[in-house]
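Count along the sequence shown starting at 1, add 31, and that's the number in my numbering.
We put the beta carbon where it would ideally sit given N, CA and C, even for glycine.
Here's the structure, in structure tokens; my notes come after.
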Amino acid sequence: MNQIFLKLNTDKLKKLKETTEFLKDSKDYSKSDYWKHCEGLNSYKFNSKGIFIRGGSGHYYPRRKTFKNLIRTKLSQTIRNTAFKACCGILNTSKLGRTNELPSLILPSTHAYDSVWSNSSLMYDSKNGKLIRISENSQIFDFRSVQIPKELKSHKLLQKNWHLKNHFLMNDKFFLDFYSYFVTHHFCEKPSNILEIGGGNGNLASIFHYYSKSRITLVDIPTTIVSAIAFLSYVFPDAKMLYPQDMSPGKDLNSCDFCFILPDQTISLSDSSFDLAINNGSFQEMTSEQIDEYFKLIYRVLKDNGIFSTLNRVEKVPSKETKPIRFSEYPYTFVHEILLHEIDPFMRLIQRDNHFHKIVKVTKP
32 MNQIFLKLNT DKLKKLKETT EFLKDSKDYS KSDYWKHCEG LNSYKFNSKG IFIRGGSGHY
92 YPRRKTFKNL IRTKLSQTIR NTAFKACCGI LNTSKLGRTN ELPSLILPST HAYDSVWSNS
152 SLMYDSKNGK LIRISENSQI FDFRSVQIPK ELKSHKLLQK NWHLKNHFLM NDKFFLDFYS
212 YFVTHHFCEK PSNILEIGGG NGNLASIFHY YSKSRITLVD IPTTIVSAIA FLSYVFPDAK
272 MLYPQDMSPG KDLNSCDFCF ILPDQTISLS DSSFDLAINN GSFQEMTSEQ IDEYFKLIYR
332 VLKDNGIFST LNRVEKVPSK ETKPIRFSEY PYTFVHEILL HEIDPFMRLI QRDNHFHKIV
392 KVTKP
């Protein structure tokens, strides 16, 4: 469970309290069994200066930049790096190390971030007893073509120069979100309006807003939307925000930096009004019926030649009561051009469960 206290200015705190009151009467039809369980683990509590939030899935806050957390983070990274090197040593002395097999290794996010931009996977060379970089299939996307600012090119530079460096320490989720940002940005350079479905506490939204000056509409379930409002209010205290209780059909979203709405409010979004739609890691936790509805929404609100990016598990069983959710069964029934579609290399480096990353350009009549 992750937890954080966020101190907010008077206006932002007042609006957040109004939001929590409004959400008490919200519908729950959009929640899968998995998310009903997860939301039951989340909680928040106000005091006169801010909000204390505690939660699991969707709550991926970075640690505060304090001396104590600096020591904890450094110790954690040292342990992981030592364990990683130890695994390499074990492979070198084991029977596996004397075969011709090349087992892939699960990497820390820091190593994965550096590796993916070289268009390579880090693997163990059993013949030479060392780690090597194996170039990927030349027919798939060349990640070396992605333009990344020099000050953010490596994990060490990213930790030193990222936009929240004065307040927080980088965590694994932010490494993934920066990777996702740069890949998506490669195909959609300057999206003015973005729709993000299931964006958690707003990490990726903060990146798009800071680096691309984008306006983002976030769709999520009640406790997670509270988390996103609180985090983004803290990070961008002067940002203009539209809250769920203030949403209405035809509302002009161009006047706000962030818009927060519930799933049953998406009907209020105007047709052909977004340049980019994103879903990372939450379709895999929905029902097939919910995914179908979101695909209809995405097609409706994207502009002609708008971009849709999704990164989700190849297959996942959210709960014992639901059937497997398979990426291959997502309803791409609309006309589109595939820009990227492959097993995601970053996710493959950091965990065993394969994820598909698919980016398409949607064509509308």
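{"Query": "Identified DSSP bridge partners for GLU373", "Result": "HIS388"}
{"Query": "Validate contact between the segment 138 to 152 and the segment 182 to 189 using beta carbons, cut 8 angstroms, 3 pairs", "Result": "yes"}
{"Query": "Rounded C-alpha distance that separates ARG379 from PHE209", "Result": "16 angstroms"}
{"Query": "Cβ separation of TYR91 and ILE82, assumed to be a contact under 8 angstroms, to the nearest whole Å", "Result": "In fact, because the Cβ distance is near 17 angstroms, the residues do not count as touching under 8 angstroms."}
{"Query": "For SER176, the nearest candidate out of LEU138, THR215, LEU188 and HIS198 (CA to CA)", "Result": "THR215"}
{"Query": "Where ALA308 falls: helix, strand or coil (DSSP)", "Result": "strand"}
{"Query": "Spatial distance of THR318 from SER107 (CA atoms)", "Result": "36 angstroms"}
{"Query": "Opening and closing residue of the beta strand (DSSP E) in which VAL348 lies", "Result": "That residue, VAL348, is in no beta strand (DSSP E); it is neither H nor E in DSSP."}
{"Query": "With 16 other Cβ atoms within 10 Å as the buried cut-off, status of PHE98", "Result": "exposed"}
{"Query": "C-beta atoms of GLY337 and ASP306 nearer than 7 angstroms", "Result": "yes"}
{"Query": "Helix, strand or coil at PRO280 [DSSP, three-state]", "Result": "coil"}
{"Query": "Ordered list of alpha helix (DSSP H) runs contained in the segment 182 to 226, each at least 4 residues", "Result": "186 to 192 and 203 to 218"}
{"Query": "Beta-bridge pairing of TYR411 - partner residues as DSSP gives them", "Result": "One cannot answer for residue 411 here, as it falls past the ends of the chain, which runs 32 to 396."}
{"Query": "Coil, strand or helix - HIS367 by DSSP", "Result": "strand"}
{"Query": "Distance CB(LYS354)-CB(LEU370) smaller than 7 angstroms", "Result": "no"}
{"Query": "Among SER237, PHE213 and GLN321, nearest to SER340 - alpha-carbon criterion", "Result": "PHE213"}
{"Query": "N-terminal and C-terminal residue of the alpha helix (DSSP H) that ASN234 is part of", "Result": "234 to 243"}
{"Query": "Cβ-based neighbour list, ALA259, same chain, cut-off 6 angstroms, excluding 5 preceding and 5 following", "Result": "ASN232, GLY233 and LEU249"}
{"Query": "DSSP-derived helix/strand/coil call for MET272", "Result": "strand"}
{"Query": "Where VAL448 sits in the DSSP three-state scheme", "Result": "Past the edges of the chain, shown from 32 to 396, lies residue 448, and the structure says nothing about it."}
{"Query": "Integer Cβ distance of PHE358 from ARG344, believed to fall under 8 angstroms", "Result": "7 angstroms"}
{"Query": "6 angstroms CB neighbourhood of ASN385 in its chain, flanking five on each side removed", "Result": "VAL345 and ILE374"}
{"Query": "Beta-carbon separation (whole angstroms), LEU284 vs LEU273, contact threshold 8 angstroms", "Result": "7 angstroms"}
{"Query": "Opening and closing residue of the alpha helix (DSSP H) in which LEU47 lies", "Result": "41 to 54"}
{"Query": "CA-to-CA distance, PHE174 to TYR363, given in whole angstroms", "Result": "25 angstroms"}
{"Query": "Own chain partners of CYS314 with C-beta closer than 6 angstroms, once the 5 adjacent residues on each side are dropped", "Result": "One detail in the question is off: residue 314 reads as Phe in this sequence, not Cys. Excluding sequence neighbours, PHE314 sits near ILE322 and ASN343."}
{"Query": "Alpha carbon of LEU333 to alpha carbon of ASN73, nearest angstrom", "Result": "32 angstroms"}
{"Query": "Beta strand (DSSP E) segment containing LEU293, residue limits", "Result": "Careful: LEU293 lies outside any beta strand (DSSP E) and carries neither H nor E."}
{"Query": "Assigned secondary structure, PRO396 (DSSP; H/G/I helix, E/B strand, else coil)", "Result": "coil"}
{"Query": "Residue closest to LEU328, alpha-carbon to alpha-carbon, out of PHE365, LEU207, GLY312 and ALA117", "Result": "PHE365"}
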